[in-house]
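Taken in order, these protein sequences are the chains called B and P. First residue of the first sequence: 150, per this note's numbering; consecutive thereafter. First residue of the second sequence: 878, per this note's numbering; consecutive thereafter. Beta carbons are placed, not taken as given, at the ideal position from N, Cα and C, and that holds for glycine. For clarity, every value in this text was computed on a predicted model and none was experimentally measured.
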Amino acid sequence: MLKIVKKTEATIKQKIAINIVGIFAALTAAALFLALSGFNPLQVYISMVEGALGSSYRISQTVIQAVPLIILSLGIAIAFRMKFWNIGAEGQILMGGFLGSYFAYNFSQLPKPALLLLMLAAGAVGGAVWALIPAWLKVKFHANESITTLMLNYVALKWIEYLSAGPWKDPAAFGYPRMPRFTENAILPNVFGVHIGWIIALVLVVVVYLFLNNTKKGFEIAILGESENTARYAGISIGKTVLLAVCLSGALCGLTGIIQASAVNNEMSSALANGIGYTAIITTWLSGLSAPVIVLVCGLFAILTQGASYIQTAFGIPSAAASVLQALILFFVLGSDFFTKYKFVWQKSEHQTKEGK
Amino acid sequence: MDQVAYISMKNIVKTFGKVVASNHVNFSVHKGEIHALLGENGAGKSTLMNMLSGIYLPDGGSIFIEGKEVHFSAPKDSIAAGIGMVHQHFKLIDVMTAEENVILGKKGLFFRKGESRKIDALAKQFELDVDLHKKVSDMSVGEKQNLEILKVLYQGARILILDEPTAVLTPQETRKLFAIMRKMKAEGCAVIFISHKMNEVMEITDKITVLRKGETIQTLNTAETTPKQLTDLMVGRAVDLTIERLEQPAGPELVQVQGLTVLKREGTPALQNVSFAMRGGEILSVAGIAGSGQKELCEALAGLQKVKEGKILFQGEDLVGQSPKEIRRRGISMSFVPEDRLGMGLVGGMDMVHNLLLKQYQDQKGFFLNKKPAVEKAAEIKEKLEIATPGISKYPVKNLSGGNIQKILLGRELDSDPEVLITAYPVRGLDINTCHKIYDLLNEEKKKGVAVLFIAEDLDVLLALSDRILVLANGEVTGIVDARTATKEQIGLMMMGQKATELEGTAVVENC
């Protein structure tokens, strides 16, 4: 009879090994799927890597994919450290984009550096305020944050749709419900072929890493995440700490929103987030809430996304197939977690002969 | 004995990763026998019993019941073989009645009403004091335990495993339990009794098997052994069992609690008009049935619990309404070792260094966390208290043994040189060696002039170690007695709600 038995906790090396096996298992399963669809899996995989990293242009496109994922994951990681399940990145992106765009649309006469700084700050504030609503509800009424953050995503989305159809509608868009393009001085500059967001992202990786691991506030957040009773015992003000951490989490998501609007889309739109706020939850979780690992995981996800869009044109594989691949990897890697805690044991139904030590 | 053993476990091996929890253990119990399983924590008692009750699978060895080999792959196999285990933490459903809890384990989709009479008869047969129509949530600890026993008997158990059943009982309830155990023995059942309390083991059992570090050391007849011999066998060397009370004149009153009333979340009082004083250089113990307000008392003193009424005066200054942070800011050094070590006192997922930081970091200046002093402290405390850990950093404390976890917590709390020390169940679940180490530490603090509040379950220890004993019953103080003259029986009665002043021959120290 096959039995599931709990084992001693795996070491870090074992965990990494198990995760790598998980990724390979995912690639194998996806290969099966590709082969059944009539493609040569090996060829497809090689093309994916080529498509993501094959030329400097492709690399820059991959980096553009990775930047928002990294900043979002950092933000989500802060909240998740505290076991505050912020599912609201999507809405925080939109509200950050909204507040940042307000300045882009209404203060375009300002000098470029001043306008851009103002927009970035406003973006962060927009996301922070949007995140503070569920944080406050949680502190005050113990409202379940996974529900409130999720619901606020829809509120944000509808708000932006309303703006693009009404007050902020571009008069030059022939009646289409869209918002105007940003003026030149509201668009983030490029550095080495990629918009400056990548520098912001890398700086934030270091800042968030230091904040979580080497500051008193970061320590308090970690304690609170482990046990509210211990936090109380240590004299930590729980309400304040929750508000602060979620505020930071939302600020980073809001910042992502305005960076994407300015540098990538050059306009505000309701399609600004387009699901990336959910993808970032996955990358955050996969990276084990560690800032350096976030760079790695988001990089891999970006390669996957970029590679997938390349094989779409190269092989005519539908984009849904790429999503299947991503989902499979996720499924296997998260599933492999099981093997860090449990093992299978084959128990003979008759006499047991196995001797210990 | 010439008859075939009822249960016999032979050459049992069980490993968890690299740890060998059971190393070729042999253990057998006969019908009509009360058999104690004795050993320090980590000796492998629970592992062995979990294998007998089908929760773990042995890696090697065999289990025989009445001479026939059996293989348990799930608890239901073990139950079918007539083995019933009463766990230390009751597995009852609060919102259901006793009867429903008993029937719950039975196969079948519907409750069969006709079972009532059968259950009732069973309860009578074994003199179990259970009201079948009472809800579990309305029951006392003793009643719940009786219900647990009834439940396993109803499932057909002829072999009963009791895991530290007396830890939560008053002396009077313990006596009742022993009566039930004797009854079972007379009915030809076998009882396996796990306990840390030596005098109980000596009183009730016929045979004793001593385990140490996963190995069977010896099986002895209770009549032919002494507590001293048993302890030496358990620990593996000669140990001094005496608990010493440090005799010294008590110092000034440091803390005065006046008319303290604390409400539970539902609004019912957890503590009612509690008044007492704590003196420097004195150990004041608190006795009481679990849940009589001990936790609320500690937390109120430490500033973690909202106080409805009353005062907590520290050298004349009222602390009620102050947060732990504010209390510290006033220069009052109070240390609190909470009952829930990993859930409140420590952060289980963090290493020793970060756990020591927990108390230090708020006094650090600036934005950043300075880990260096905690690293040094950790090394120092590890050395001083002989904490066995693979590393002071990067190794989560929750993976350590209970004794080492408690040493880290105590080490941190004592390191701040407190004037007042509150300890809630500091020796719960710890082995004899560590217990004595902790008693010594408490005595050391007492010597320094610290006012110590000591909450514990074992009345023998309370009587031996402390100066005065405060007894709580249902959140009220039933008396404060002198530990030198009080007896276990008196304290037991006070735990049940009798006022000390109503008892004969009690030396009441303070009237409340």
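So which of the options has the shortest CA-CA distance to residue i?
i: Glu976 (chain P); options: P:Pro1201, P:Glu1159 and P:Leu1027; result: P:Leu1027
i: Lys1090 (chain P); options: P:Asp997, P:His901 and P:Thr1099; result: P:His901
i: Ala1034 (chain P); options: P:Glu1130, P:Leu999 and P:Ser905; result: P:Leu999
i: Thr298 (chain B); options: B:Thr454, B:Ala228 and B:Phe323; result: B:Ala228
i: Val1304 (chain P); options: P:Asp1294, P:Ala1115, P:Glu1379 and P:Leu1286; result: P:Leu1286
i: Leu969 (chain P); options: P:Phe941, P:Leu1046 and P:Glu1020; result: P:Glu1020
i: Lys1062 (chain P); options: P:Thr1102, P:Ser1014, P:Lys1183 and P:Gln1002; result: P:Gln1002
i: Glu1173 (chain P); options: P:Lys1323, P:Asp1217, P:Ile940 and P:Lys1365; result: P:Asp1217
i: Asn1098 (chain P); options: P:Asp1359, P:Ile911 and P:Phe893; result: P:Ile911
i: Gly403 (chain B); options: B:Lys232, B:Gly275, B:Ile236 and B:Phe182; result: B:Gly275
i: Tyr933 (chain P); options: P:Leu1131, P:Ala1333 and P:Lys891; result: P:Lys891
i: Ser862 (chain P); options: P:Glu1263, P:Gly1136 and P:Leu1148; result: Given a span of 878 to 1389 for chain P in the structure shown, any question on residue 862 (chain P) remains unanswerable.
i: Leu281 (chain B); options: B:Glu375, B:Ala451, B:Gln210 and B:Gly237; result: B:Gly237
i: Tyr382 (chain B); options: P:Ala1067, P:Ile1120, P:Val1197 and P:Gly1222; result: P:Gly1222
i: His1313 (chain P); options: P:Ser993, P:Pro1273, P:Arg1122 and P:Val1013; result: P:Arg1122
i: Ala463 (chain B); options: B:Ser196, B:Met417 and B:Ile172; result: B:Ser196
i: Ile349 (chain B); options: B:Leu221, B:Trp495 and B:His291; result: B:Leu221
First and last residue of the alpha helix (DSSP H) that includes residue i?
i: Leu1148 (chain P); result: Premise fails: Leu1148 (chain P) lies in the beta strand (DSSP E), Pro1146 to Arg1156, not in any alpha helix (DSSP H).
i: Arg1206 (chain P); result: Pro1201 to Arg1206
i: Trp285 (chain B); result: Lys261 to Phe290
i: Leu1370 (chain P); result: Lys1365 to Met1372
i: Ser398 (chain B); result: Ile387 to Ile408
i: Phe480 (chain B); result: Ser468 to Ser485
i: Leu373 (chain B); result: Lys365 to Glu375
To which residues of the same chain is residue i closer than 6 Å at the C-beta, ignoring the five residues directly before and after it?
i: Ile1209 (chain P); result: Phe1191
i: Val212 (chain B); result: Val343 and Trp347
i: Gln461 (chain B); result: Ser468
i: Ser955 (chain P); result: Ser930, Gly931 and Phe949
i: Cys1389 (chain P); result: Because Cys1389 (chain P) sits at a pLDDT of 44, beneath the cut-off of 50, its placement in the model cannot be relied upon, and the following sentence gives the value as read from the coordinates. Excluding positions up to five away in sequence, the list reads Ser1152 and Val1354.
i: Lys1183 (chain P); result: none
i: Ser436 (chain B); result: Val442, Ile443 and Val446
i: Gln210 (chain B); result: Gln455
i: Glu504 (chain B); result: For Glu504 (chain B), the pLDDT reaches just 37, beneath the cut-off of 50, and the residue's location in the model is therefore unreliable, leaving the point undetermined.
Whose C-beta lies closer than 7 Å to the C-beta of residue i among residues of the same chain, with five residues either side of it excluded?
i: Trp100 (chain B); result: The structure shown does not extend to residue 100 (chain B), since chain B is modelled only from 150 through 506, so no value can be given for it.
i: Asp1292 (chain P); result: Lys1254 and Ile1258
Is the shortest distance between the beta-carbon of residue i and the beta-carbons of chain A less than 7 Å?
i: Tyr1238 (chain P); result: Among the chains of the structure shown, chain A does not appear; the protein chains present are B and P.
Under the assumption that residue i contacts residue j (Cβ atoms under 8 Å), give the Cβ distance between them as a whole number of angstroms.
i: Leu1161 (chain P); j: Arg1345 (chain P); result: 5 Å
i: Thr974 (chain P); j: Leu1009 (chain P); result: 7 Å
i: Gly938 (chain P); j: Asn978 (chain P); result: Not really, about 34 Å apart at Cβ, beyond 8 Å.
i: Ile167 (chain B); j: Phe488 (chain B); result: 5 Å
i: Gly342 (chain B); j: Ser205 (chain B); result: 7 Å
i: Gly1268 (chain P); j: Thr1311 (chain P); result: At roughly 20 Å, the Cβ-Cβ gap does not stay under 8 Å, so Gly1268 (chain P) and Thr1311 (chain P) are not in contact.
i: Lys1275 (chain P); j: Leu1347 (chain P); result: That belief does not hold up - the Cβ atoms of Lys1275 (chain P) and Leu1347 (chain P) are roughly 32 Å apart, past 8 Å.
i: Ala314 (chain B); j: Met244 (chain B); result: Not confirmed; about 18 Å, so no contact.
Using three-state DSSP, classify residue i as helix, strand or coil.
i: Val888 (chain P); result: A small correction: the amino acid at residue 888 (chain P) is Asn; Val does not occupy that position in the sequence shown. Strand.
i: Leu1183 (chain P); result: Strictly speaking, residue 1183 (chain P) in this sequence is Lys, with Leu absent from that position. Coil.
i: Met962 (chain P); result: strand
i: Gly346 (chain B); result: helix
i: Ile225 (chain B); result: helix
i: Asp1040 (chain P); result: strand
i: Gly246 (chain B); result: helix
i: Ser993 (chain P); result: helix
i: Phe256 (chain B); result: coil
i: Val1163 (chain P); result: strand
i: Phe331 (chain B); result: coil
i: Asn339 (chain B); result: strand
i: His912 (chain P); result: strand
i: Phe967 (chain P); result: coil
i: Gly200 (chain B); result: helix
i: Asp1195 (chain P); result: strand
i: Val1139 (chain P); result: strand
Taking the beta strand (DSSP E) that residue i falls in, what are its first and last residues?
i: Ser905 (chain P); result: Val896 to Val906
i: Arg1122 (chain P); result: No beta strand (DSSP E) holds Arg1122 (chain P); DSSP gives it neither H nor E.
i: Asp1359 (chain P); result: Glu1353 to Asp1359
i: Ile1332 (chain P); result: Ala1328 to Ile1332
Going by beta carbon distance, what residues of the same chain come within less than 8 Å of residue i, once the five residues before and after it are set aside?
i: Glu1391 (chain P); result: Because chain P in this structure spans residues 878 to 1389, residue 1391 (chain P) falls outside the shown range and cannot be described.
i: Gly1136 (chain P); result: Asn1150, Val1151, Ser1152, Glu1186, Gly1187 and Lys1188
Hey, is residue i close to the ligand MN, as in C-beta under 6 Å from one of its heavy atoms?
i: Pro1303 (chain P); result: Absence of the ligand MN from the depicted structure is noted, as is the absence of any ligand whatsoever, leaving it without description.
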